[in-house]
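Structure first, then comments.
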Amino acid sequence: MTPQWLLKFNIWKRRQPSWSLVKSYEAISSASVDSIWRKVVDLADVSWHPLITSTNVPYGLVPKPGLIYQAVSRMVPLPFRIFVERVNPGELVSFRIIALPGVEERVVYRVESSICGTCVSYSVMMRGWLSPLVWSMMQRHAEKVAQRLAEAAENETLQSVSGYLPARKNTCFDF
Numbered sequence: 205m206t207p208q209w210l211l212k213f214n215i216w217k218r219r220q221p222s223w224s225l226v227k228s229y230e231a232i233s234s235a236s237v238d239s240i241w242r243k244v245v246d247l248a249d250v251s252w253h254p255l256i257t258s259t260n261v262p263y264g265l266v267p268k269p270g271l272i273y274q275a276v277s278r279m280v281p282l283p284f285r286i287f288v289e290r291v292n293p294g295e296l297v298s299f300r301i302i303a304l305p306g307v308e309e310r311v312v313y314r315v316e317s318s319i320c321g322t323c324v325s326y327s328v329m330m331r332g333w334l335s336p337l338v339w340s341m342m343q344r345h346a347e348k349v350a351q352r353l354a355e356a357a358e359n360e361t362l363q364s365v366s367g368y369l370p371a372r373k374n375t376c377f378d379f
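Residues 205 to 379 in the working numbering are what the sequence shown lists, from first letter to last.
Below you can see the structure in the form of structure tokens.
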């Protein structure tokens, strides 16, 4: 005879929703793996990202597993939490995004060198009862993430090669 508490645990365990791959997007870039990786891990500069406006990460902080920070969405200007799950330097970084109760999102950026250039992959996995609604609202923006990342890295490479540096803001330490 199985104890009652074990039956409850087994039933609960079966009801937990699993991650489902919603979509994966890829882009090919002429930028190097290193320059694209620098763009991905620069959590303070998300100007290239079509879904995120800003973060509260200080400049220069390198993402490590366990790091939790806040970001603000371009769609709805409300803050949400991002948790860094896994980092393989120069290769892969995985984030878990908790924006609303009822939806949880996992995002994976993968950077690989290929014959045609550098392949940038952006995969989105979601779970929760609100995930179909949230995905329908953000799908057209998510389609652009990999391409915008590749373009931002290419532009940064072109600027550094041509010697053109964008004007920087004046700070209190400028004399």
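We put the CB at the ideal spot given by N, CA and C, even for glycine.
Treat the numbers as computed from the prediction; the structure is a model and nothing was measured.
Quiz item: Quick one: Cα of E266 to Cα of S340, how far?
Solution: Correcting the residue type first, residue 266 is Val in the shown sequence and not Glu. Roughly 32 Å separates the two Cα atoms.
Quiz prompt | Assigned secondary structure, K243 (DSSP; H/G/I helix, E/B strand, else coil) | solution = Note: K243 maps to helix in three-state DSSP.
Quiz item: Near S335, which residues of its chain fall below 7 Å by C-beta distance, leaving aside the five closest residues on each side in sequence?
Solution: Closer than 7 Å at the Cβ level, and outside the excluded window around S335, lie V307.
Quiz item: Using DSSP with H/G/I as helix, E/B as strand and the rest coil, what is V266?
Solution: Reduced to three states, the DSSP call for V266 is coil.
Quiz item: How about the region 270-286 and the region 351-360: do they share at least three Cβ pairs that are nearer than 8 Å?
Solution: Remark: fewer than three beta-carbon pairs, one from each stretch, lie closer than 8 Å, so the region 270-286 and the region 351-360 are not flagged as touching.
Quiz item: Is K243 buried or exposed, if buried means 16 or more other CB atoms sit within 10 Å of its CB?
Solution: Looking at its Cβ environment, which holds 16 or more other Cβ atoms inside 10 Å, K243 is buried.
Practice problem: Under 7 Å Cβ to Cβ from T375, same chain only, skipping five residues before and after it: list those, please. | Solution: Because the pLDDT of T375 is 47, which lies under 50, any placement of that residue in the model is unreliable, and the question is left without a value.
Quiz item: When you compare only the Cα positions, how much space is there between S251 and R352?
Solution: Using only the alpha carbons, I get a separation of about 10 Å.
Exercise. Check the C-beta distance from M329 over to M279 and give it rounded, since I have them as a contact under 8 Å.
Key: Between M279 and M329 the Cβ distance is about 19 Å, and since that is not below 8 Å, they are no contact.
Quiz item: beta strand (DSSP E) containing R344: first to last residue?
Solution: Not the beta strand (DSSP E): R344 falls in the alpha helix (DSSP H), residues S335 to A346.
Quiz item: Is DSSP giving E309 helix, strand or coil here?
Solution: Of the three classes helix, strand and coil, the one that applies to E309 here is strand, per DSSP.
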